[in-house]
Amino acid sequence: MEPEVLGEKVFNLLGCVYYGNPFHSAKGWDPNNEIGNTWKRFESLGKKYWEFLEKIREGDVYGYEVHIEPDDYDMKKEFHVFVGIEVKSLEFFPLEMFYKVLPKTKYLFFSTKYMGKESEYIFSKWLPESNYEPSYPYIMQSYSPNKWKIDDLEGSLMDWYIPIKEKEMNNK
16 MEPEVLGEKV
26 FNLLGCVYYG
36 NPFHSAKGWD
46 PNNEIGNTWK
56 RFESLGKKYW
66 EFLEKIREGD
76 VYGYEVHIEP
86 DDYDMKKEFH
96 VFVGIEVKSL
106 EFFPLEMFYK
116 VLPKTKYLFF
126 STKYMGKESE
136 YIFSKWLPES
146 NYEPSYPYIM
156 QSYSPNKWKI
166 DDLEGSLMDW
176 YIPIKEKEMN
186 NK
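The opening position of the sequence shown corresponds to residue 16 in the numbering used here, with each subsequent residue numbered one higher.
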């Protein structure tokens, strides 16, 4: 699980959103929490707009999940959850969906087991000891067809994208 620093990229995403405490109704990885409900809503709309979405889809990733922390996150513990697919630029999209452009930045990329705790190493050890720091207050997970097995979630892998920039060194 050695992380890789990727070059700068802009992600254009189309999907569904939720704002609040996604765990008020169910804990962590429970499919009945608000993150799971957002995925269900996106999957339902995906079926409704399948032909359109296949024309504008960028790449083959099943979906992205983005957690965006607002300025008051530490106080309220509420954040934005975006679930969707990467798309090419578009002029039209379904009214029930939202279009999100993530800023151009480098990413720290790594894979973990689904529901695994390996990401804790990245946040608690690797990142603090590296020459990088978060460039924006969000994290992104993706689910790729060559790593994601719907019939074997425990054997599945998920990819992580952490927006990063080089640490600013103080010249003292």
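Don't be surprised by glycine CBs; every beta carbon is placed ideally from N, CA and C.
**Asked** Can PRO78 and VAL98 be called in contact, C-beta distance under 9 Å?
**Response** Residue numbering aside, residue 78 sits at position 63 when the sequence shown is read from its first letter. Residue numbering aside, residue 98 sits at position 83 when the sequence shown is read from its first letter. Inspection of the sequence shows that residue 78 is occupied by Gly rather than by Pro. In this structure, GLY78 lies near VAL98, with their beta-carbon atoms less than 9 Å apart.
**Item:** Per-residue burial, SER104 [other beta carbons within 10 Å of its own, 16 or more giving buried]
**Value:** Numbered from 1 along the sequence shown, position 89 holds the residue referred to as residue 104. Answer is exposed; the Cβ neighbour count stays below 16.
**Message:** Can you list, in chain order, the residues of its chain with a C-beta nearer than 6 Å to that of GLU2? Leave out the 5 residues immediately preceding and following it.
**Reply:** The shown model of the chain, from 16 to 187, leaves out residue 2, and the question about it has no answer.
**beta strand (DSSP E) runs wholly inside the segment 110–159, at least 3 long, in chain order** = Secondary structure remark: continuous beta strand (DSSP E) runs of at least 3 residues inside the segment 110–159, in chain order: 113–128, 147–149, 153–158.
**Under the three-state DSSP convention, the category ASP174 falls into** = As a working note, residue 174 is residue 159 in the sequence shown. For ASP174, the three-state secondary structure derived from DSSP is strand.
**Asked** Taking buried to mean at least 16 other C-beta atoms within 10 Å of its own C-beta, is MET173 buried or exposed?
**Response** Here residue 173 refers to the residue found at position 158 of the sequence shown. A residue is called buried once 16 or more other Cβ atoms fall within 10 Å of its Cβ, and MET173 is buried on that count.
**Request:** Identify, in the order they occur along the chain, each residue of the same chain with its Cβ nearer than 6 Å to the Cβ of LYS132, setting aside the five sequence neighbours on each side.
**Result:** One-based indexing of the sequence shown puts residue 132 at position 117. Closer than 6 Å at Cβ, skipping near neighbours: no residue.
**Request:** Flag PRO118 as yes when its Cβ comes closer than 8 Å to any non-hydrogen atom of the ligand FAD, and as no otherwise.
**Result:** Annotation note on the ligand FAD: not contained in the displayed structure, which lists no ligands.
**Message:** Is it buried or exposed, VAL116, if we count other Cβ atoms within 10 angstroms and call 16 or more buried?
**Reply:** Locating residue 116 in the sequence shown gives position 101, where the first residue counts as 1. Counting Cβ neighbours within 10 Å, VAL116 comes out exposed, since fewer than 16 surround it.
**Message:** Just verifying my parser: in three-state terms, what is the DSSP assignment at ASN52?
**Reply:** Translated into positions along the sequence shown, residue 52 becomes position 37. Residue state, collapsed to three classes: helix.
**Prompt:** Quick one: is GLN156 near chain C, going by C-beta distance under 9 Å?
**Reply:** Note that chain C does not occur in the displayed structure, where there is just one protein chain.
**Request:** Report yes if the CB atom of ILE83 is closer than 9 Å to the CB atom of TYR153, and no otherwise.
**Result:** As a working mapping, residue 83 is identified with position 68 in the sequence shown. As a working mapping, residue 153 is identified with position 138 in the sequence shown. Yes, the Cβ-Cβ distance between ILE83 and TYR153 is below 9 Å.
**Asked** Is PRO109 closer than 9 Å to TYR151 when the C-beta atoms are compared?
**Response** Locating residue 151 in the sequence shown gives position 136, where the first residue counts as 1. Locating residue 109 in the sequence shown gives position 94, where the first residue counts as 1. Using a Cβ distance threshold of 9 Å, TYR151 and PRO109 do not count as a contacting pair.
**Prompt:** Based on Cα-Cα distance, which residue from LYS121, GLY35, SER126 lies nearest to ASP89?
**Reply:** The residue labelled residue 89 in the question sits at position 74 within the sequence shown. Ranking the options by Cα distance to ASP89, first place goes to GLY35.
**Message:** What does DSSP give as the partner residue(s) for VAL76 in the beta ladder?
**Reply:** Your numbering for residue 76 matches position 61 in the sequence shown. DSSP lists no beta-bridge partner residue for VAL76.
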